[in-house]
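Beneath this line is the structure, given in C-alpha cells, with notes to follow.
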Amino acid sequence: MRLLITILAVLAAIIGLILSILPFGAIALIPIILAFILAFIAFKMAQKEQANTKFVKVVFLVTIIAFVLSLYRIVFDENIVENDIETIEKEKQSKEDAIEELEGLDIEN
Amino acid sequence: MRSLLITFLCLISLILQGQNSAIGSNEKLVFTASYNMSGLLTDLAQVTMETSEVKTSTSTLLHLKCKARTYTKWNNFFKINDLYESYVHPNSLKPYLYKRDINEGGYYKFMQYNYNYKTSSVKSLKRKRRKDGTYWDENKDLSISANTKDLVATLYHIRNLDIHKAAIGSKDTFTVLMDNEEFKISINLLAKETISTSIGRKECYKLAIAINNKSILEGSNDNLLWLTADANKIPVYAKFKVPVGNGELRIQSATGLKN
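The listed protein sequences derive, respectively, from chains F and A.
Residue numbers in the first sequence follow this note's numbering, run continuously in steps of one, and reach 161 at the last position.
Residue numbers in the second sequence follow this note's numbering, run continuously in steps of one, and reach 288 at the last position.
Pasting the structure below:
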C-alpha cells in the first residue's frame, strides 16, 4: 500500500512539475496539491513502519519546486501578444489583395 | 393619399429592417480565450474583432476582421495565428469576400470565397502547405442558397438582429459556409441575464448555439453566447465545449461602438 501511494505521489509530482514549467497557470496546482497529500501519507506510513523516508523527502522537494515555479508563473506571467512585423505585413498584404479582388466583384450600392 | 402614405411608411420600415444598427465602422472588441478545467482558468489566446471601412473605386464596404493569437508565453509550445476576414455591405451586412488564414502549430490553411449573388454561387479557393513547404491550391465553384454567409458575417449578422423583439425560447436558423460546405446553425434565445464583465455589469441575451441542431436537441446547450441587451449587442462572454474540459471567451475591452 505504501509503495502504491509513493508511486502515485511521484507521478503527481512529475505531472505537477511539467505543468508548472509549461504556462498552465493555476491548473498545475491540481497535481501539485495531490502529490503533496500523497507524499505526506507515504511519509507517515514510512515513519510508522520505520522504513527509509529519503525517497519520499525527494518527492516533497520536487513538489515544492513545482509549487514555487507554478506560483511564480501565476503572479508574473503576463498575457501579452507579440506584434511582430511579419503578422502586421501579412494583414496589410491581405487587405491590399482583398481590395484588388473586390474591384472585380459586382457590389450593390 | 392615406393609402399612399401607409405604403410609403411600410416601404421605409422594410428598408430600415435590413439596415445595420449595431455595428460601427471603427469598432474594436478584445477578448481573452481561456481553457477551463475544474473551475481553474488558463488564458490561452487573445481574440480581437475589428471593423473598418474599405473603399474600392465604386463602393465602400465594411471590413470585419477577427484574429486569434496565442499569448507569447505559449508560442514556444504551440503557436496560433489565425485571421478571419469578411468584406460586407455596410448596411445589409451581405458578404462579398471572405478570407480565412489559419496558422496553428505549423498547420497552415487558407480559404477564400468570392460571392456572386447573380448566379447564387461562390468561387472558392483553398490553399494548403505541403510537408516540403510548397503550397497547393484547390479552386471550386459552389452553389449556395440566398442567405448563406460565412462564419464572420454570420456572427455580425446575429448582432444585428432585432433580438429585443424576440420572445424567450424563440429560435432562428442560419446557413453558414465553412470548408466549402453549408451548415445550419441554430440560435436559441434562452434568457435575459445580468453578468459581470471587464467592461462592467451588463444585462445580456443568453443564446445557445448549435450546429445542425446537435447540442440543442441533446438539451445540453454546450455552446453559449451572451450579447449585451442594448443597441450594440456586443458579445461579452461565450462558453464552448472542447473534448477535455471547456473553453471560455471573456471580453477585455470594447471601443469605437456605434451606439
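In this text, a Cβ means the ideal position worked out from N, Cα and C, and glycines have one as well.
Just so we're clear, the structure is a prediction, and the values are computed from it rather than from any experiment.
Bridge pairing for Leu126(A): Tyr116(A) and Asn143(A) [DSSP]. Beta-bridge analysis with DSSP links Pro75(F) to no other residue. Check the Cα spacing between Thr204(A) and each of Ala175(A), Ser150(A) and Leu69(A): the tightest is with Ala175(A). Contact annotation for Tyr185(A) against chain F: no contact, minimum CB-CB distance about 16 Å [criterion: below 9 Å]. The C-beta of Asn135(F) comes no closer than 7 Å to any C-beta of chain A. For Ile263(A), there is no enclosing alpha helix (DSSP H), as DSSP gives it neither H nor E. In the structure shown, Ile214(A) adopts extended strand secondary structure according to DSSP, grouped into three states.
Glu160(F) carries a coil assignment under DSSP once its states are collapsed to helix, strand and coil. With respect to chain F, the C-beta atom of Ser88(A) has a partner C-beta closer than 7 Å. The beta carbon of Ala258(A) sits closer than 8 Å to the beta carbons of Ile192, His193, Lys221, Lys231, Glu232, Cys233 and Tyr234 from its chain, once the five residues preceding and following it are set aside; these are given in chain order. Around the beta carbon of Ala103(F), fewer than 16 other beta carbons lie within 10 angstroms, which makes this residue exposed. Residue-level contact check: Glu153(F) touches chain A, since one or more beta carbons of chain A fall below 7 Å from its beta carbon.
With a cut-off of 8 Å on Cβ pairs, the region 77–90 of chain F is in contact with the region 109–125 of chain F, counting three or more such pairs.
Distance between Leu218(A) and Thr177(A), taken at the CA atoms: about 21 Å. A direct Cα-to-Cα measurement between Leu71(F) and Lys155(A) gives close to 37 Å. If you check the CB distance, Met207(A) and Leu236(A) do not come in under 7 Å. Within the same chain, Cβ atoms closer than 7 Å to the Cβ of Ala74(A) are found at Ala62, Ala97, Arg98, Thr99, Tyr100 and Ile109, the five residues on either side in sequence being excluded. A contact between stretches requires three or more CB pairs, one per stretch, nearer than 8 Å, and the region 138–157 of chain A fails this requirement with the region 49–67 of chain A. For Val83(A), the chain F residues whose C-beta falls within less than 9 Å of its own C-beta are Lys147, Ala150, Ile151 and Leu154, listed in chain order. With a beta-carbon spacing of about 18 Å, Thr85(A) and Glu143(F) fall beyond the 8 Å limit used to define contacts. A contact is defined here as three or more CB-CB pairs under 8 Å, and the region 62–71 of chain A meets this definition with respect to the region 256–276 of chain A.
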